[in-house]
Amino acid sequence: MDLIYRLLPTVNQYDWGKRGQESLVYKLFEKNFNLLFNSGTAINSDGPFSEFWFGAHQSSPSSVLPYDITEITLISEDGSHKNVEYSTSFDRSREPMSLSKLISRLYYNILGIKDKELKILFKVLSIQKPLSLQMHPDKESAVQLFKDKHNGIVDSSSKPEMCLPLTKFRALCGFRDESEILDLARKYPEFGEAIDFTNLPSDRSSLFYVSLLKKLFFRSDLSDLVSRLAQRLRDLSSNELVEEIFLNLYDNYGSIPSVLFPFVLNCFELNPGEAIYVPPNTLHCYISGDCIEIMKNSDNVIRCGLTPKFKDLDLCLALVDKKFRRAKIEEYRVKPCTLTDFTIKYSSEDSSCNFLLLSVSVGPGQKEKVTLPTNAYLCIVLESNPKVSLKLAMSSSDKEDTTKNPSHTTYHVLSVVSGDCLLIVPNTELHIHNDHDTLQLTMYLSSEK
Numbered sequence: 001m002d003l004i005y006r007l008l009p010t011v012n013q014y015d016w017g018k019r020g021q022e023s024l025v026y027k028l029f030e031k032n033f034n035l036l037f038n039s040g041t042a043i044n045s046d047g048p049f050s051e052f053w054f055g056a057h058q059s060s061p062s063s064v065l066p067y068d069i070t071e072i073t074l075i076s077e078d079g080s081h082k083n084v085e086y087s088t089s090f091d092r093s094r095e096p097m098s099l100s101k102l103i104s105r106l107y108y109n110i111l112g113i114k115d116k117e118l119k120i121l122f123k124v125l126s127i128q129k130p131l132s133l134q135m136h137p138d139k140e141s142a143v144q145l146f147k148d149k150h151n152g153i154v155d156s157s158s159k160p161e162m163c164l165p166l167t168k169f170r171a172l173c174g175f176r177d178e179s180e181i182l183d184l185a186r187k188y189p190e191f192g193e194a195i196d197f198t199n200l201p202s203d204r205s206s207l208f209y210v211s212l213l214k215k216l217f218f219r220s221d222l223s224d225l226v227s228r229l230a231q232r233l234r235d236l237s238s239n240e241l242v243e244e245i246f247l248n249l250y251d252n253y254g255s256i257p258s259v260l261f262p263f264v265l266n267c268f269e270l271n272p273g274e275a276i277y278v279p280p281n282t283l284h285c286y287i288s289g290d291c292i293e294i295m296k297n298s299d300n301v302i303r304c305g306l307t308p309k310f311k312d313l314d315l316c317l318a319l320v321d322k323k324f325r326r327a328k329i330e331e332y333r334v335k336p337c338t339l340t341d342f343t344i345k346y347s348s349e350d351s352s353c354n355f356l357l358l359s360v361s362v363g364p365g366q367k368e369k370v371t372l373p374t375n376a377y378l379c380i381v382l383e384s385n386p387k388v389s390l391k392l393a394m395s396s397s398d399k400e401d402t403t404k405n406p407s408h409t410t411y412h413v414l415s416v417v418s419g420d421c422l423l424i425v426p427n428t429e430l431h432i433h434n435d436h437d438t439l440q441l442t443m444y445l446s447s448e449k
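Position 101 of the sequence shown, counting from 1, maps to 101 under UniProt numbering, and the rest follow consecutively.
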């Protein structure tokens with residue numbers, strides 16, 4: 001039985017993505033171009049490259065590829081050629097297996113679990129322009145909304161997500177405390193007038209936030225106030241984070257009311273390795289930067305602003321009203337857990353979190369062993385070099401079961417390159433050896449809890 005499988009990921013070219021070689025998504029996906037061009041898939045190599053993802057979601061499921069080492073020729077849209085060493089051969093004469101089918105087969109063969117479905121989705125984002133202001137429903141709401149065929153609800157799952165920045169990263173996530181919002185309303189009179197803050201409910205409940213949101217969602221006379229605030233802040237040349245994010249939104253979306261949300265939601269400026277967790281029913285917006293994003297396997301999105309797409313404002317208000325949860329800004333941060341000198345674990349303690357993420361960085365001349373029990377792991381390689389080797393074996397408990405028939409013990413050795421997407425089977429030990437003098441290996445692995 002194989003212990004590792006290579007996956008063909010999906011790329012999305014939404015307009016908020018970084019363009020061409022400026023995009024990490026482009027760089028990771030570049031070696032997959034030839035596979036897609038030859039299968040008739042159109043890729044605009046000069047366009048934005050926003051999302052690189054792999055998983056088993058029905059909207060864009062990954063397929064399984066053979067892992068023979070070979071050299072292929074990448075063919076760009078302009079007809080130019082680029083020879084690269086690529087770690088997957090692709091037999092186009094037969095249909096590749098879907099990831100969902102492989103997961104079902106592996107869990108039955110290894111763990112005796114029937115009809116297993118992959119419950120996580122793995123993404124890399126390269127953000128140039130702020131995404132839409134959005135939220136994702138909780139499980140109970142998603143089930144009912146999907147049953148009702150509600151617009152934008154495409155499955156019956158909740159969609160909590162975790163974001164781990166790879167570069168300097170900015171985001172909005174979760175409501176500020178009422179007192180903090182009122183302080184900002186006094187400090188920035190244009191914002192205070194926009195939300196009519198002196199007439200907001202005084203009780204500390206969802207009513208305060210629902211009333212505030214209604215002002216920003218439904219007032220049609222805020223354009224002049226927003227423009228005045230933007231001009232005043234430019235004249236001040238201030239560099240407070242809330243002001244910089246507001247001006248970023250204003251520059252990208254103009255004087256619409258939803259650019260005022262930096263004064264309503266918590267503003268985050270994160271360094272690489274500083275993760276945040278977005279629970280269900282939480283308003284959020286990713287502003288800029290590159291990140292790993294792990295989420296429950298769902299594509300349910302409730303958009304509330306900063307987009308020309310359909311905005312489901314009434315549903316947002318209903319969820320804020322019925323599902324309101326108070327949280328301090330620090331509760332959205334994910335505390336990293338150092339497992340070894342080379343491996344860090346990220347997982348929120350929130351009850352809605354069903355996944356974990358491992359960051360593995362092995363320096364020159366170093367070795368690492370990572371034990372991956374119980375569940376299959378999705379893995380992406382961000383940095384590698386020709387002197388990195390991965391050796392995989394069944395975990396110790398499983399090897400003990402095969403002592404009577406040693407031929408059933410499986411060992412697998414392979415090399416990896418940047419952009420490789422992998423599935424590692426449950427109960428596997430991953431032995432990493434980086435024999436390079438100067439370059440490191442960086443990879444991220446995620447599984448269900």
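Glycine included, C-beta positions come from ideal geometry on N, C-alpha and C. Quick caveat: nothing in here was measured; it's all calculated off a predicted structure.
Limits of the beta strand (DSSP E) - the one that residue i falls within
i: arginine 105; result: Note, arginine 105: premise wrong, no beta strand (DSSP E); alpha helix (DSSP H) at 99-111.
i: arginine 6; result: 4-8
i: serine 447; result: 441-448
i: leucine 265; result: 265-270
i: phenylalanine 169; result: 169-175
i: valine 64; result: 63-65
Of the listed residues the options, nearest to residue i (C-alpha basis)
i: serine 98; options: Ala185, Gly55, Lys311, Leu358; result: Gly55
i: histidine 150; options: Leu247, His284, Lys311, Lys168; result: Lys311
i: lysine 369; options: Ser389, Ala327, Lys101; result: Ser389
i: isoleucine 256; options: Cys304, Ser395, Val416, Ile294; result: Cys304
i: serine 351; options: Asp138, Ile432, His436; result: Asp138
i: serine 418; options: Asn434, Glu383, Ile432, Ser395; result: Glu383
i: isoleucine 329; options: Ala185, Leu172, Val143; result: Leu172
i: cysteine 316; options: Asn12, His136, Arg19; result: His136
i: threonine 307; options: Asn354, Leu249, Asn281; result: Leu249
i: asparagine 385; options: Leu392, Thr371, Gly363, Tyr377; result: Gly363
i: leucine 182; options: Ser223, Ser202, Leu65, Cys337; result: Ser202
i: proline 96; options: Lys119, Ser63, Tyr108, Leu118; result: Ser63
i: threonine 167; options: Pro48, Tyr444, Pro426, Ile127; result: Ile127
i: glycine 112; options: Thr340, Asp437, Asn375, Val334; result: Asn375
i: glycine 47; options: Arg19, Gly254, Ala327; result: Arg19
i: phenylalanine 52; options: Val242, Ser237, Asp420; result: Asp420
i: asparagine 413; options: Ile432, Ile344, Pro426, Ser395; result: The sequence as given places valine at residue 413; asparagine does not occur at that position. Of the candidates Ile432, Ile344, Pro426, Ser395, the one whose C-alpha sits nearest the C-alpha of valine 413 is Ile432.
i: isoleucine 344; options: Cys353, Val360, Phe355, Met394; result: Val360
i: residue 460; options: Tyr209, Asp299, Leu241; result: Examination of residue 460 is not possible in this model, given that the chain is present from 1 through 449 alone.
i: glutamate 269; options: Phe261, Phe342, Val242, Phe263; result: Val242
i: lysine 101; options: Val124, Pro61, Thr198, Ile153; result: Pro61
i: glycine 254; options: Gln231, Ala142, Cys267, Asp15; result: Gln231
i: threonine 338; options: Asp224, Arg325, Leu357, Asp321; result: Leu357
i: serine 206; options: Ala327, Ser258, Ser348; result: Ala327
i: asparagine 44; options: Asp15, His57, Val226, Leu65; result: Asp15
i: aspartate 2; options: Leu430, Val425, Thr442, Tyr444; result: Val425
i: lysine 214; options: Arg204, Asn199, Ser227, Arg228; result: Asn199
i: alanine 142; options: Gln134, Ser156, Gly152, Pro130; result: Ser156
i: histidine 284; options: Pro373, Ser415, Arg170, Ser347; result: Arg170
First through last residue of the alpha helix (DSSP H) which encompasses residue i
i: glutamine 134; result: Note, glutamine 134: premise wrong, no alpha helix (DSSP H); beta strand (DSSP E) at 133-135.
i: asparagine 427; result: Looking at the DSSP string, asparagine 427 is not in any alpha helix (DSSP H), and its letter there is neither H nor E.
i: leucine 118; result: No alpha helix (DSSP H) holds leucine 118; DSSP gives it neither H nor E.
i: glycine 254; result: That residue, glycine 254, is in no alpha helix (DSSP H); it is neither H nor E in DSSP.
i: phenylalanine 217; result: 206-218
i: residue 455; result: The shown model of the chain, from 1 to 449, leaves out residue 455, and the question about it has no answer.
i: alanine 185; result: 178-187
i: leucine 28; result: 24-29
i: leucine 223; result: The question names leucine, but residue 223 is serine in the sequence shown. 223-236 is the extent of the alpha helix (DSSP H) around serine 223.
DSSP beta-bridge partners of residue i
i: isoleucine 276; result: Cys163, Arg333
i: asparagine 433; result: Residue identity check: residue 433 is histidine in the sequence provided, not asparagine. Answer by DSSP bridge pairing, in chain order: Lys367, Ser389.
i: phenylalanine 49; result: Lys18
i: leucine 414; result: Leu390
i: histidine 284; result: Gln134, Cys173
i: isoleucine 294; result: Phe122, Met162
i: glutamate 383; result: Thr442
i: valine 11; result: Phe52
i: glycine 419; result: In the DSSP output, where bridge partners are listed per residue, glycine 419 has none listed.
i: leucine 378; result: Leu423, Ser446
i: isoleucine 195; result: In the DSSP output, where bridge partners are listed per residue, isoleucine 195 has none listed.
Any C-beta of chain D under 8 Å from that of residue i
i: leucine 99; result: In the structure shown, chain D cannot be found, because there is only a single protein chain.
- [ ] Write down every uninterrupted run of the alpha helix (DSSP H) in the region 296-376 whose length is 4 residues or greater and which is fully enclosed by it, in chain order.
- [x] Correct list: 313-322.
Task: Given 8 Å, three or more beta-carbon pairs between the region 165-176 and the region 191-206 - done: no
TODO: Would you be able to state if there are at least three C-beta pairs under 8 Å between the region 276-289 and the region 150-164?
DONE: yes
Task: Sufficient close CB pairs (3 or more, under 8 Å) joining the region 107-118 to the region 5-15 - done: no
Open item on the list: I want to know whether the region 116-130 touches the region 440-448 - three or more CB-CB distances under 8 Å.
Closed with: yes
Open item on the list: Does the contact criterion of 3 or more C-beta pairs under 8 Å hold for the region 438-445 versus the region 17-31?
Closed with: no
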